[in-house]
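Asks: Under my numbering, think of the first position of the sequence shown as 54, with each following residue one higher.
Sharing a structure with you now.
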Amino acid sequence: MNRNRREFLRIAGASLAVLSIQKKSEVLGIPTAGVKIGMCDWNLGPRCDPQQILKAKDALLDGIQVSVGTAPDNMPLRKKAVRDQYLRLGKQYGISFCSVAAGLLNQIPLKSEPETAVYVIDALEAASALGAKNILMAFFGKGDLRVEIAPEQYKNIGSGPFKEYELDHIGVDRVVAALKQIAPRAEDLGLALGFENTLTAKQNLEIIGRVGSKLFQVYYDVGNSTAYGYDVPTELRLLGKDRICEIHLKDWKTSMLGSPEGQVNFQNVAQAIKEISYDKWFVLETSGRKEHFLEDTRANVAFARRMLA
Numbered sequence: 054m055n056r057n058r059r060e061f062l063r064i065a066g067a068s069l070a071v072l073s074i075q076k077k078s079e080v081l082g083i084p085t086a087g088v089k090i091g092m093c094d095w096n097l098g099p100r101c102d103p104q105q106i107l108k109a110k111d112a113l114l115d116g117i118q119v120s121v122g123t124a125p126d127n128m129p130l131r132k133k134a135v136r137d138q139y140l141r142l143g144k145q146y147g148i149s150f151c152s153v154a155a156g157l158l159n160q161i162p163l164k165s166e167p168e169t170a171v172y173v174i175d176a177l178e179a180a181s182a183l184g185a186k187n188i189l190m191a192f193f194g195k196g197d198l199r200v201e202i203a204p205e206q207y208k209n210i211g212s213g214p215f216k217e218y219e220l221d222h223i224g225v226d227r228v229v230a231a232l233k234q235i236a237p238r239a240e241d242l243g244l245a246l247g248f249e250n251t252l253t254a255k256q257n258l259e260i261i262g263r264v265g266s267k268l269f270q271v272y273y274d275v276g277n278s279t280a281y282g283y284d285v286p287t288e289l290r291l292l293g294k295d296r297i298c299e300i301h302l303k304d305w306k307t308s309m310l311g312s313p314e315g316q317v318n319f320q321n322v323a324q325a326i327k328e329i330s331y332d333k334w335f336v337l338e339t340s341g342r343k344e345h346f347l348e349d350t351r352a353n354v355a356f357a358r359r360m361l362a
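Structure representation (structure tokens):
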């Protein structure tokens, strides 16, 4: 059997696997043009590992969100050789790099540790080299911008059915000051600074106004915002596509998007996304069930395409 025939059968088999997971009538005929589905590298396997590109291809993904590093003394994406390996394998397997994530900010917060600004610049430089359009700056864990009143407990100041938490105003002031200095560098590179955090859309808009850059945008996570008690469809409409650089797709209650056990109402989310004409990347932040990565990821890709096409 020649190589071309083997490759054809492998791809055909992968496609049939997707159809076996979801009803054929639900998957066939769904347009996919313009729907770009990526995945975080920490869900694919080891972070900062170009070899995960092959796995992304087998999972029927279009792209990868690459981590810039895992610790101050382990920043692989600073190295040209590593970036070149990503580019070479990405071209070979048809995988793009939607964004570069600076997850280090969760442990080394921008609100308190000046060195963190360097990691943001690292992410910008790596994103530019890989052809990405934005970076993700994470504000969870130690970097959370809410006032913590007890371990992992926050003061709800909302008066309606949806929550809103009190801000750590000193921390926000420090973040704004730092981002005002970083934003011109992002603008020079034409890259968006993706602000992923635990805040409401309204609070995000207020901070965006203070930073004063069109390229300082929200990195929106539908699973996180649902879990925090926010009105996700209304938030998406409030932000609009010009203030959202990229969207994470996940559900805290299940590893399978659209599952009856899920917490996220993906039908309402998809409707809001279509209303704002969002046409950028969707990034899966779920690995599926244990020992079922390929099967479940292909199913999640198919579900996302069906909902968002």
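Think of the CB as a built atom: it goes at the ideal place given N, C-alpha and C, for glycine as much as any other residue.
#1: From the DSSP output, in three-state form, read off L163 for me.
#2: Do S308 and S340 have their CB atoms nearer than 8 Å?
#3: With Q105 and C151 assumed to form a contact (beta carbons below 8 Å), what rounded beta-carbon distance in angstroms separates them?
#4: In the region 105-136, which residue ranges form an unbroken beta strand (DSSP E) of at least 3 residues, counting only runs that do not cross its ends?
#5: Beta-carbon separation of A179 and R136 under 8 Å?
#6: Candidates E314, A362, V354 and E299: which alpha carbon is nearest M190's?
#7: Would a C-beta distance cut-off of 8 Å place I329 and L302 closer than the cut-off?
#8: Once DSSP output is grouped into helix, strand and coil, what is the label at R342?
#9: Residues in its own chain within less than 6 Å of L258 by CB, not counting five upstream and five downstream?
#10: Below 8 Å on the Cβ atoms is my contact criterion, and I expect T279 with Q316 to pass it. Report the Cβ-Cβ distance as a whole number of Å.
#11: So, under 8 Å CB-CB, T253 and L198 are touching, yes? Tell me the CB distance rounded to an integer number of Å.
#12: Check the C-beta distance from G196 over to I148 and give it rounded, since I have them as a contact under 8 Å.
#13: Which word fits G156, buried or exposed, when buried means at least 16 other C-beta atoms lie within 10 angstroms of its C-beta?
#14: Ignoring anything shorter than 4 residues, give me the alpha helix (DSSP H) runs that lie fully in the region 200-268, in order along the chain.
#15: From G98 to A176, what does the alpha carbon distance come to, in whole angstroms?
#16: Among residues of its own chain, excluding the 5 on either side of V354, which ones have a beta-carbon nearer than 6 Å to its beta-carbon?
#17: From the DSSP output, in three-state form, read off I297 for me.
#18: Once DSSP output is grouped into helix, strand and coil, what is the label at W95?
#19: How is the alpha helix (DSSP H) around S149 delimited, first residue to last?
#20: In the DSSP assignment, the alpha helix (DSSP H) including V275 goes from what residue to what residue?
#21: DSSP three-state call for Y283: helix, strand or coil?
#22: Taking 8 Å as the threshold (C-beta atoms), are F215 and G282 in contact?
#23: When the Cα atoms are used, what is the spatial distance from N127 to Y273?
#24: From R358 to R351, what distance separates their C-alpha atoms?
#25: What residue from V285, G276, L291 and E240 has the CA that sits closest to K267's CA?
Replies: The short version:
#1: coil
#2: yes
#3: Going by Cβ atoms, the distance from Q105 to C151 rounds to 14 Å, so no, they are not a contact pair.
#4: 116-120
#5: yes
#6: E299
#7: no
#8: coil
#9: none
#10: 5 Å
#11: Rounded, the Cβ-Cβ distance is 11 Å, inconsistent with contact.
#12: 29 Å between Cβ atoms; not a contact.
#13: buried
#14: 222-242 and 254-264
#15: 20 Å
#16: I90 and L113
#17: strand
#18: helix
#19: Taken as a continuous stretch (DSSP letters only), S149 belongs to no alpha helix (DSSP H), being part of the beta strand (DSSP E) at S149 to A155.
#20: V275 to A280
#21: coil
#22: yes
#23: 27 Å
#24: 11 Å
#25: E240
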